[in-house]
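Taking our numbering, the leading residue of the sequence shown gets 86, the next gets one more, and so forth. Where a beta carbon is used, it is the ideal one built from N, C-alpha and C, also for glycine. Bear in mind that the values here come from a model prediction, so they are computed numbers and not experimental data.
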Amino acid sequence: MRWSRFLVPRRKENVVNAVLLLCCFIVVVYYYRNVRRINQDIDQEHKRPQANSGDESEDFGVIRLAPHVRDEFVRSSMSHVIPDYSQKRDGPGEDGKPVYLSESEKAEGDSDMKNWFMNVKASDKISLDRSLPDVRRKECKDIKYDLKKLPSASVVIIFTDEAWTPLMRTVHSVVNRSPPELLKEVVLLDDNSQREELKGHLDEYIKRFGGLVKLVRKTVRHGLIRAKLAGAKEATGQVVVFLDSHCEATAGWLEPLVARIAEERTAILCPMIDSIAAETMAYHGDPYATAVGGFSWALHFTWESMPQREQQRRKSPTDYIRSPTMAGGLLAADKEYFFAVGGYDEEMDIWGGENLEISFRAWTCGGSIEFIPCSHVGHIFRAGHPYNMTGRNNNKDVHGTNSKRLAEVWMDDYKRLYYMHRSDLKVFV
Ligand SMILES: [Mn+2]
86 MRWSRFLVPR
96 RKENVVNAVL
106 LLCCFIVVVY
116 YYRNVRRINQ
126 DIDQEHKRPQ
136 ANSGDESEDF
146 GVIRLAPHVR
156 DEFVRSSMSH
166 VIPDYSQKRD
176 GPGEDGKPVY
186 LSESEKAEGD
196 SDMKNWFMNV
206 KASDKISLDR
216 SLPDVRRKEC
226 KDIKYDLKKL
236 PSASVVIIFT
246 DEAWTPLMRT
256 VHSVVNRSPP
266 ELLKEVVLLD
276 DNSQREELKG
286 HLDEYIKRFG
296 GLVKLVRKTV
306 RHGLIRAKLA
316 GAKEATGQVV
326 VFLDSHCEAT
336 AGWLEPLVAR
346 IAEERTAILC
356 PMIDSIAAET
366 MAYHGDPYAT
376 AVGGFSWALH
386 FTWESMPQRE
396 QQRRKSPTDY
406 IRSPTMAGGL
416 LAADKEYFFA
426 VGGYDEEMDI
436 WGGENLEISF
446 RAWTCGGSIE
456 FIPCSHVGHI
466 FRAGHPYNMT
476 GRNNNKDVHG
486 TNSKRLAEVW
496 MDDYKRLYYM
506 HRSDLKVFV
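Next up, the structure:
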């Protein structure tokens, strides 16, 4: 009976004691509930990524959490459900199959090919979560990564007036197929899009990712190159990965990229770029990597066969491939290193030439360009550009003027070979 006087306090100090005890009790219960839930989430995501409903995050902020635990909270408030790809999926375009339009839909598809250089109508029929073939070689699938020891990555996707489904399928594929331990965030950078559905609707839509997908808007057109720099500055992961806004990431795409950067931080990496047909959205990947990037003296990208010395240096088909240049915009780099070498040239306008420029820059500054054969990302190859490609001062030849900058900065006397092709650019500054 002696302890019961604490429960039924008669004296003022005992009331205070009881209140303090109660407070301690509440704090302990809250803490226990949170830690247990975080552990459950982590367990669940290790087994099979499964999102929780978004209504459990009301305790967030009560307790100070380490950053990695806070990231888990972001994920636990995600209402987007990551599909279980071990189950067979039915529907148009599943498993990367082509979509053929019916007679009545064909006219719309044809006009999409003229306006968008891709069949948006076909893309719209396909699930944003569609399954894809795993085109990696067996040796790639056998590699085990210690995810806890690898650096985290921010995936930066630049878009300007991109069609909705290709853009969102890019985002879905990254969220669905990146290990939660490695994917710090997706940064969507809107380079001054004008289309209505990319405004408020997009803000609403990405709420399903519970903060994992961040949207940054630019209200003045930056052009791809400056927009990428702006997007990379927003990234908080150790590794920054750029993807185009019409890609699909496949199983195991991210692990080999961050693993190679953990090993060699001065390497700038490209995944294998598989093709997604612009007309049917059919996915086609090649597990055998045999080419490296080159360039012509007009400073256009070319494919070259892998030199013999590189073939001899590589011990396994999973080894990285050193390449003089890279094809386009899909790359992964250590963020600090990327900015230490100056990033992209911010005076380059809109698009074009930056892929060769970053290649010359990397090799000249003691880094390297490497292709990673175990990382596969699909890309819709279009026959043209569906958006405005005019640079500053009404410049209609941004590829030419960008390449001129590359020649002047990095090519010393060899720049004369570029001017042999582009004597028209020689006199201008
Ligand atoms: Mn592209």
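Neighbourhood of His84 by C-beta, 7 Å cutoff - its chain only, sequence neighbours within 5 removed: Residue numbering for the chain in the displayed model covers 86 to 514; residue 84 lies beyond these limits and cannot be assessed.
Would you be able to state if there are at least three C-beta pairs under 8 Å between the stretch 406-414 and the stretch 423-430? no
Arg407 - partner residues in DSSP beta bridges: Position 322 of the sequence shown, counted from the first residue, corresponds to residue 407. Note: Arg407 sits in a beta bridge opposite Glu455.
Helix, strand or coil at Ser216 [DSSP, three-state]: As a first step, residue 216 must be located in the sequence shown, where it is residue number 131. Coil at Ser216, not helix or strand.
8 Å contact criterion, which Leu268 and Leu339 should meet: CB distance rounded: Residue mapping note: residue 268 aligns to position 183 of the sequence shown, counting from 1. Residue mapping note: residue 339 aligns to position 254 of the sequence shown, counting from 1. Right, their Cβ atoms sit about 7 Å apart.
Taking the C-alpha atoms as reference points, what is the distance between Ser263 and Glu364? Indexing the sequence shown from 1 puts residue 263 at position 178. Indexing the sequence shown from 1 puts residue 364 at position 279. Cα to Cα, Ser263 sits roughly 27 Å from Glu364.
Taking C-alpha atoms, which residue in Tyr504, Ala317, Pro341, Lys318 lies nearest to Tyr405? Here residue 405 refers to the residue found at position 320 when the sequence shown is read from its first residue. If we check each option's Cα against that of Tyr405, Pro341 comes out closest.
Going by DSSP, what residues sit across from Gly379 in a beta bridge? Here residue 379 refers to the residue found at position 294 of the sequence shown. Among the bridge pairs identified by DSSP, Gly379 is matched with Thr387.
Using a Cβ-based criterion (distance less than 7 Å to any ligand heavy atom), does Gly194 qualify as near ligand 1? Taking the first residue of the sequence shown as 1, we reach residue 194 at position 109. Not so, every heavy atom of ligand 1 lies at least 7 Å from the Cβ.
Pop quiz: Gly476 and Ile435 are said to be a contact at Cβ under 8 Å. What is the actual Cβ separation, rounded to whole angstroms? On the sequence shown, residue 476 is found 391 positions in, with the first residue counted as 1. On the sequence shown, residue 435 is found 350 positions in, with the first residue counted as 1. Indeed, because the Cβ distance is near 5 Å, the residues count as touching under 8 Å.
Determine, using beta carbons only, whether Val305 and Leu274 come nearer to each other than 8 Å. Here residue 305 refers to the residue found at position 220 of the sequence shown. Here residue 274 refers to the residue found at position 189 of the sequence shown. Result no, Cβ atoms of Val305 and Leu274 do not sit closer than 8 Å.
Quick check: is any heavy atom of ligand 1 less than 7 Å from the C-beta of Gly308? Position 223 of the sequence shown holds residue 308. Not under cutoff, so the answer is no.
Below 7 Å, is the gap between the Cβ of Gly413 and the nearest heavy atom of ligand 1? Start at 1 with the first residue of the sequence shown, and residue 413 comes out as number 328. Gly413: yes, Cβ under 7 Å from ligand 1.
Could you tell me whether the Cβ atoms of Leu328 and Val240 are closer together than 8 Å? Working through the sequence shown from its first residue, we reach residue 328 at position 243. Working through the sequence shown from its first residue, we reach residue 240 at position 155. It is a contact, given that the beta carbons lie within the stated cut-off.
Using DSSP with H/G/I as helix, E/B as strand and the rest coil, what is Arg507? Along the sequence shown, one-based indexing puts residue 507 at 422. It is coil, neither helix nor strand.
Taking all protein chains shown into account, decide if Met505 is buried (16 or more other Cβ within 10 angstroms of its Cβ) or exposed. Taking the sequence shown and counting its residues from 1, the one referred to as residue 505 is at position 420. Met505 comes out exposed.
In this structure, how does DSSP classify Gly476 when only helix, strand and coil are distinguished? In the sequence shown, residue 476 corresponds to position 391, counting from 1. It is a strand residue.
Among residues of its own chain, excluding the 5 on either side of His165, which ones have a beta-carbon nearer than 7 Å to its beta-carbon? In the sequence shown, counting from the first residue as 1, residue 165 sits at position 80. Cβ neighbours of His165 beyond the five flanking positions: Ala136, Val260, Arg293, Phe294.
What's the call for Trp201, buried or exposed, on a 16-neighbour Cβ count within 10 Å? As a working mapping, residue 201 is identified with position 116 in the sequence shown. Flag for Trp201 reads buried.
Could you check whether Arg221 and His369 sit closer than 8 Å to each other, using their CB atoms as the reference points? As a first step, residue 369 must be located in the sequence shown, where it is residue number 284. As a first step, residue 221 must be located in the sequence shown, where it is residue number 136. Cβ atoms of His369 and Arg221: not closer than 8 Å.
Given 7 Å as the limit, tell me if His470 has its C-beta closer than that to any heavy atom belonging to ligand 1. Translated into the one-based positions of the sequence shown, residue 470 becomes position 385. For ligand 1, not one heavy atom lies less than 7 Å from the Cβ of His470.
Using the rule of at least 16 other Cβ atoms within 10 Å of the residue's Cβ for burial, across every protein chain shown, is Asp214 buried or exposed? Working through the sequence shown from its first residue, we reach residue 214 at position 129. Its Cβ being crowded by 16 or more others within 10 Å, Asp214 is buried.
Can you check whether the CB of Ser390 is closer than 8 Å to the CB of Ala374? Counting from 1 along the sequence shown, the entry for residue 374 is found at position 289. Counting from 1 along the sequence shown, the entry for residue 390 is found at position 305. No.
Give me, in chain order, the residues of the same chain whose beta-carbon lies closer than 7 Å to that of Val512; leave out the 5 immediate sequence neighbours on both sides. Taking the sequence shown and counting its residues from 1, one reaches residue 512 at position 427. Same-chain partners within the cutoff: there are none.
Under the three-state DSSP convention, the category Met198 falls into: Along the sequence shown, one-based indexing puts residue 198 at 113. Residue state, collapsed to three classes: helix.
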